[in-house]
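Residue numbers (my numbering), protein chains in the order written: chain X, 1 to 490; chain V, 1001 to 1542; chain L, 2001 to 2395.
The structure under discussion appears below in the form of C-alpha cells.
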C-alpha cells in the first residue's frame, strides 16, 4: 500500500496551504482532489478578487497582485470612488462624509488589526483547563490580544468592545449618511453571509475582511493564478498533488485515521488525514459511527446557507458605465445604493425568493464581466430561476451601463447549490460556514472541534469552515498544519 | 413643602425603578424626594381606570422578572403586592387549530406530540438549556457590570466573579453559553424543533420589545431576558400582579412613604441643575426647584441627557455615546374592556391555557416578515401579539362576568413611513385606528367574535407611550437589548455603573444594566452604588 | 356558527392517563395510592406494601410496566447504530436474547440503562425508564434504521416471584419452561415472554399489544387462582434494592435531564466497568470514559441499626462527609438494613472502612439523629438460585 505521512483531502487553497506547510517541515504529503483542477473556490469562475491576504503570504506566494479601487455606483450618477479610507465622488468632487468615513475606516482597520492576531493561530480554547500548559499558552496569546487592545487606549478599547458585537448598519450610519458609500461598506460586511447589515455580529465580519487593511487586489491573469501559486508552493515543498481522484472514505482503525480509500477501492495509508471539507462531510467520510451523537448533531446544525451567486457574462465588447473614467472601469464596481438597500436585498432570500434589487460586486475583465450577486436563496434552484437571476443581474447592470445587455454573448449563473456541487463548500457558502458570532473563534466551525481536530486521532479539518474562516488567506490550512505538528501525531 | 426645599436625594421619575431606588435610599436614612410628571406614579407599571369599572395594566402587563431579593428587602407583600402565576398559553392557527402550552408537563408532551412527535423530547432539551442559561445569568442581575477596561479593584472583583463563574462551566458548557448568547432565537429553535407552530410559539419571547427579528443574532438572549425571572422560584414562570401592574408601584410608593420619602406628582423635571460639574438639584416644569447633592434620573439616558441636561456640562464623547445608544420603538399596546369572555372556537371547553398568553403567529417566517415590515417603517401586516385576559384570574380587573384584555403588539415602528418620509408625527388618529383594525383582524384568527365583545379599547402607539410614560420611542426596555448595549456597554461604555459624568447624578432606569422588564434591578443596583459612594465620601470627609 | 367549530381539534388529556390495565388495577386498589409514571396512573401501593413485597419473594406478583418507554429499532444498520449507542458489544447479543445495556452522553455520563431485546436479525427493542425518542433519533442519524416509539402501543406486565412459572404453566404457557434467564420468545402470536425482571427473583415479563392487554391479565389472574397478587411501585422498589439494581433519578441522574452541571455519573462510577467494552470500537462517550478518572463510586451498603437510611449523608471517621445514600430500605428477606450509596472517590473503593451514615428518625414527633456504621458489600443483598435455574421450579 502506498504510504504518506499526511493525506490532504481537497486541493482548495487551504488544503494546498496545509500541504505546503507540512511539506516544508519534511513531511511526505499527498493532496487528493476529486475535480480536475486545483483551487477549489479560489477559481477564476468563482472568485475574482483577493481581499484579505496578508502581505507576508503574498510575498511567500510570489503572486502579482495589483490593488484596485472600489467604485460604488449611484443611480443618480454621483458614484463614489473609494480607496482604503479615502472616499470622493468618482468625478473627483469631495464627498461630504469623506472625513467621517476616513475616521471610521481607520478605526475599523485598527480594530481589525487586533483581531488579526487571533486569526494566525488556532482559536483560544480551554479544553485542558486554565492551569494546563496549553491553557497557559492560551492565556499568553490572549494576553497579546489584550495588549493590542490596551495599546488602543482606554477610550478606543471601550469602543472596540462595543462595536465588535454590534451591527454594521448602525455602526456605519452612526458615522456617515446613508448612500452608496455606506452601501459599499455594509455590503462588504455581509457579502456571502446569511445576514443583512442590521444583524448583530456583522461588524465582526466586516473587521474580518479588513484584517489586512481592507485593500482589494486583482490577481494578474485571474484568481486561477493565486490557486496555481498555492499549488506551486505545495509542489515545491515536495507534495504530491493528484487531481481527479475522489476519496470514498477515510479509513479509521482503533480510533485513529490511518489513511483513505479512493473510489474504486485503492487505499492510501497515512498517519494523519486533513480534510478541506466541512465537519459534517468529513464525519460522513470517516463514518458517523466514529463520532459522538452530540458532535454529529452539532455538525448537522452548523449554519452554512450560501447567499451569494456568481454570474459571469461573456461579452462581445467593453461595456461603458455612465460617469466612470476609463481607469475607473478597472475598479471593483459595487451596486449597493445604501445600507438600507443592502438590508432589503437580504429580505427575499430569507423566504427563498430572488432579490428585487440585488447587491452586486463586479469586476470587468477581458471579454467578461464577473459579478457576485447577493442575496440569493440557497436552495430551490431551477434552470428557469437561474435564468431569472441572470436576467435580473443583467438588467441591474444595464441601468448603470446602458447597452450592456447587447454585448452579452453568454451568461453563466452559479448558485449556492452549484458552488456546493463544484467545490464541496458546505451550502455553497462563501466562507464554508456562516461567520456569525456563534460560529467564529472557539466556536468555529462547531463547538468542541475548534482546534482543527475532529475527534478521531489524526483526523483534522483544514478548510475555510475552520478558524479563522473564509476568504483567500491560507490561514485555516496553515493553522491546521501547525496543530498537526504540535499534536505530534506524525 | 416649600417649592425650593433641600433633600439628600432626588429621584426624577416615579417609575418602578425610581421608586425602588428611592425606597433603598430612604431606608438607608436619606431624605428622599421623588418627582413625577404624571398625576400618578408607576411609569410603565401602572393600573389605570380609563373605562368605568375596568382596570387596565396599560403598559407592562405581566410580572416575572421583579427580583425576589428586592421584593423581600422592601417587604412589598406587606404593602399589598400579590403576584399570582398564570398557567399556560396558546398559539392559534389560521386553520382552526392551536398549539397549547400546558403547565402540566405530561399534557404538554402530549400536546407537542399531537403536532410533531419528534419535538417532544426536543422541548425538554430546549427548556433545560434555557434554564441552565437562566441559572448562569441570574446572579449577575443584582451586581454591577464589570468594566473590562478598568483596573479598579471593584471592577476587577466583578470581572473575577464573571471569570470564575464562566470557568466553573467547563470548556463545553462555556462554548454552549457563548453560542447561546450570540445566536438568533430562530436558529436556536431550528436546532431543536421541526414544527413551525411550536417554534413560533416559543419564539415570541425572543422579540418582545426589541427591534430585532427572530433570525437576528442576539435574540436568544432576549428570550433569556424574558425567562430569567420566576414566580416563587419557578424559573421562567409569569404571573399577574393582583390589581394590575400598578400594584407593584403602589407597594413601592407605600414602602417609600413609610420610610419617610416624599413623592410629588404632577410636575416633571424640566432641567437637571448642574454647576461646576456637580449636580445641584432639579427645576420642575411648574417652576419649582429642589436641591440635593444626589439626583438620580429614572428617565432613559437619552431623555435625561439630551433633553433635560445642558449639553455644556457633558463631555463630548459621553454625549456621542448617548446619541448612539439605540432606543427604538417597536411595540404597541391595546387595552380592551370586554362585555364577555370572547369565544375561542378551536379551544376545548374550559381550556386552562386561555388563562395564559395567547398568540396567533404561526411560523418563524411570519414573525420574520413582521420584522421586515417594521424595518421599512410600517407596522407588521401580520403582527405578533402577546394577549392575556387577566380578569379570568384577577377579579379586581373587570366587573363580574366582564373581562379585561391586554394585547401587546410587535412590531409597530415609532417613526412611521409616509410618502418616503419616516416620522413619529405620522401617528395620527387614522394611523392609530388602522393599526388597531390590523391587530383585531389578527386576533380574529383566535377569537372570531372579538370585535363584538369590545366595549372600550385603548390603543397605544409607540408615540403615545413615549408621550405619556416618557419612554423614548415607547421602547419598553429604555434601550435595545443587543450585545453592544448590554453589561459594560449599557448605556455608554465606561458609564455602566449608574454614575454619570456629572458628579452626584445617577441613572436608575432600565437604560442601565441589566435593562428593562419590571425587574427593579437597575433601581436597586443604582441605590447601592449611590450609598457606596456616599459612604466613601463620608469616610473621606471624616 | 363558525365553520371552524366543527373541526375543533381533539384536546389532549390533562393529568394522568390510564394504562391498558387500569380497569383491573382500579378494581384491586384498596389504598387508592397512585403515582405518576411517565404520565400514566401507576399504583404506588394497591393494598399493603409488606404483603405485596412478600408476595414477590414468596409467591407471584403482577406489576404493570406498560409505562416503560419502548422503542423498536429496525434496519440493516440497527446493530451498528446500537453498538455506537451502548457501552456493551451488541454483536454478542444473539437472536432471542436480552441484554442489560447502558448508554452515555459524549462526556461518558449515563443517559439511561435498560433492556435490549433482539427480536430478529435486524430487529431490536430497547426498553427503558426515560423518554428516549429524541436521543434515539439523533443517534440514528446517518444509519439505515427506523426507530419507532412503541411506548403507547406495547403493554408490559411483570410476573415475578418463585411461583411465577407455575402461574404461566397454569395459564397454558408451560412452553416457557425452556426460557433461560435473558431469553425472549414469542409463544403465541402477539405475546412475547422474556425471562427478565427487576426483582432478582425468578420472573418473567410479558409483552403484548394494548388491545390484548386485559385479556392477558385476566388469563394470568385466573391461572394464579388466588396465589397471585397485584403490586405497586413501593414493593417493587424494595425488591430491586435488595437485588442491587439501580434506578434512574434515584441512584443516578440521567445525564440528559440534569440542569445543574456535574450531575452525570459514568457507568464505571456506577459500578458497571464490566459492561463497558472498550475493545469493540467507538461508542458514545468512549473517549471521555478513557480520559476521565472516576470521581465517585456507587456501592451497596449494609447499614447498622434498623431504620432505613434513605437520603442519609455518609461520613468517613464520623466527620468528613463523603457521600450520601441514594436508595435505602429495610430488607424484609435479608433482615438487614440495606442501601445503595454514592461516595466520592476514593471512598467506597479504596477507602471502605470507618464509614458512617447519619440517619434522622422521627420518633412520634421527636427527631433523633443516629450515626450508624456502614459496611460496603460486593454482592447483592438478595440472591437465590431459583432465579437462575432452568427449567424453573414451580415454587
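Yeah, the Cβ is synthetic: ideal placement off N, Cα and C, and Gly gets one too.
Since the structure is predicted, the reported quantities are computational estimates derived from the model, not experimental observations.
### Message
By alpha-carbon positions, which one of V:1423, V:1139 and V:1396 ends up nearest to residue 1047 of chain V?
### Response
Minimum Cα distance to residue 1047 of chain V is reached at V:1396.
### Task
Give the straight-line distance between the Cα atoms of residue 2035 of chain L and residue 2044 of chain L, rounded to the nearest whole angstrom.
6 Å
### Query
Does the segment 1003–1017 of chain V come within contact of the segment 1486–1501 of chain V, defined as at least 3 CB pairs closer than 8 Å?
The segment 1003–1017 of chain V is not in contact with the segment 1486–1501 of chain V.
### Query
Are the segment 1167–1176 of chain V and the segment 1145–1159 of chain V touching by the rule of at least three beta carbon pairs closer than 8 Å?
no
### Query
Quick one, are the C-beta atoms of residue 279 of chain X and residue 414 of chain X less than 9 Å apart?
Not a contact, by the Cβ cut-off of 9 Å.
### residue 207 of chain X vs residue 50 of chain X beta-carbon contact at 9 Å
No, the Cβ-Cβ distance between residue 207 of chain X and residue 50 of chain X is not below 9 Å.
### Query
Do residue 1012 of chain V and residue 1282 of chain V have their C-beta atoms within less than 9 Å of each other?
yes
### Query
Buried or exposed: residue 366 of chain X, going by 16 or more other Cβ atoms within 10 Å of its Cβ?
exposed
### Query
With C-beta atoms as the reference, is residue 2247 of chain L less than 9 Å away from residue 2240 of chain L?
yes
#### Entry: Distance, residue 2157 of chain L Cα to residue 2063 of chain L Cα
6 Å
### Query
Which residues, in chain order, does the segment 263–297 of chain X contribute to contact with chain L at a C-beta distance below 9 Å?
For the segment 263–297 of chain X, the set of residues with a beta-carbon nearer than 9 Å to any beta-carbon of chain L comprises 283, 284, 287, 288, 289, 290, 291, 292, 293, 294, 295, 296 and 297, in chain order.
### Query
Helix or strand or just coil, what does DSSP make of residue 2002 of chain L?
Interpretation of residue 2002 of chain L is limited by its pLDDT of 45, a score under 50 that renders its predicted location unreliable; no figure is taken from the coordinates.
#### Entry: Top-ranked residue by Cα proximity to residue 2295 of chain L, from L:2287, L:2311, L:2344 and L:2340
L:2344
### Task
Measure the alpha-carbon distance for residue 2278 of chain L versus residue 2340 of chain L and round it to whole angstroms.
27 Å
### Pair within 9 Å by beta-carbon distance, residue 333 of chain X and residue 388 of chain X
No, the Cβ-Cβ distance between residue 333 of chain X and residue 388 of chain X is not below 9 Å.
#### Entry: residue 1158 of chain V, enclosing alpha helix (DSSP H) - first and last residue
1153–1168
### Task
Leaving aside the five residues before and after residue 361 of chain X along the sequence, list all residues of the same chain whose C-beta is less than 6 Å from its C-beta, in chain order.
Excluding its 5 nearest sequence neighbours in each direction, residue 361 of chain X has C-beta neighbours in its own chain below 6 Å: 334 and 372, listed in chain order.
### Query
Whose C-beta lies closer than 8 Å to the C-beta of residue 150 of chain X among residues of the same chain, with five residues either side of it excluded?
157
### Query
If you compare alpha carbons, which of L:2173, L:2071 and L:2151 is closest to residue 2140 of chain L?
L:2071
### Query
Would you say residue 2284 of chain L reaches chain X, if we count a Cβ-Cβ gap shorter than 9 Å as a contact?
yes
### Query
Mind checking residue 1 of chain X: buried by the 16 CB within 10 Å criterion, or exposed?
Burial call: exposed.
### Query
Skipping 5 residues on each side, what residues in its chain have a beta carbon closer than 6 Å to that of residue 1511 of chain V?
1300, 1301, 1478, 1479 and 1491
### Query
Going along the chain, which residues of its own chain have a beta-carbon closer than 6 Å to the beta-carbon of residue 404 of chain X, five neighbours each way excluded?
319, 397 and 398
#### Entry: Buried versus exposed call for residue 1067 of chain V [16 or more other C-beta atoms within 10 Å across all chains shown]
buried
### Query
In three-state DSSP terms, what is residue 2273 of chain L?
Residue 2273 of chain L: helix per DSSP, three-state reduction.
### Message
Could you check whether the Cβ of residue 2281 of chain L sits closer than 9 Å to any Cβ belonging to chain X?
### Response
yes
### Query
Should residue 2001 of chain L be labelled buried (16 or more other beta-carbon atoms within 10 Å of its own) or exposed?
Confidence at residue 2001 of chain L is low in this model, with a pLDDT of 39, below 50, so the placement of that residue is unreliable and no value is reported for it.
### Task
Name the two residues that bound the continuous alpha helix (DSSP H) containing residue 57 of chain X.
Residue 57 of chain X -> alpha helix (DSSP H) spans 55–61.
### Message
Which runs of the alpha helix (DSSP H) at least 4 residues long sit entirely within the segment 44–112 of chain X? Give them in chain order.
### Response
Every alpha helix (DSSP H) stretch that sits fully inside the segment 44–112 of chain X and reaches 4 residues is listed by chain position as 55–61.
### Query
When DSSP labels each residue in this structure, what does residue 1406 of chain V get in the three-state scheme?
strand
### Query
With distances taken from CA atoms, which of X:466, X:79, X:217 and X:240 is nearest residue 64 of chain X?
X:217
### Task
On the DSSP bridge assignment, give the partners of residue 2160 of chain L in chain order.
Beta bridge pairing from DSSP links residue 2160 of chain L with L:2061 and L:2203.
### Message
For a contact defined as C-beta to C-beta under 7 Å, what are the partners of residue 158 of chain X on chain V?
### Response
1149, 1493 and 1494
### Query
Would you report the Cα separation of residue 1458 of chain V and residue 2013 of chain L, rounded to the nearest angstrom?
37 Å
### Query
What residues from the segment 2094–2119 of chain L come within 7 Å of chain X, judged by C-beta to C-beta, listed N to C?
Flagged, chain order: 2105 and 2106.
### Query
For residue 36 of chain X, which residues of its own chain have a beta-carbon under 6 Å away from its beta-carbon, when the five flanking residues on both sides are left out?
243 and 244
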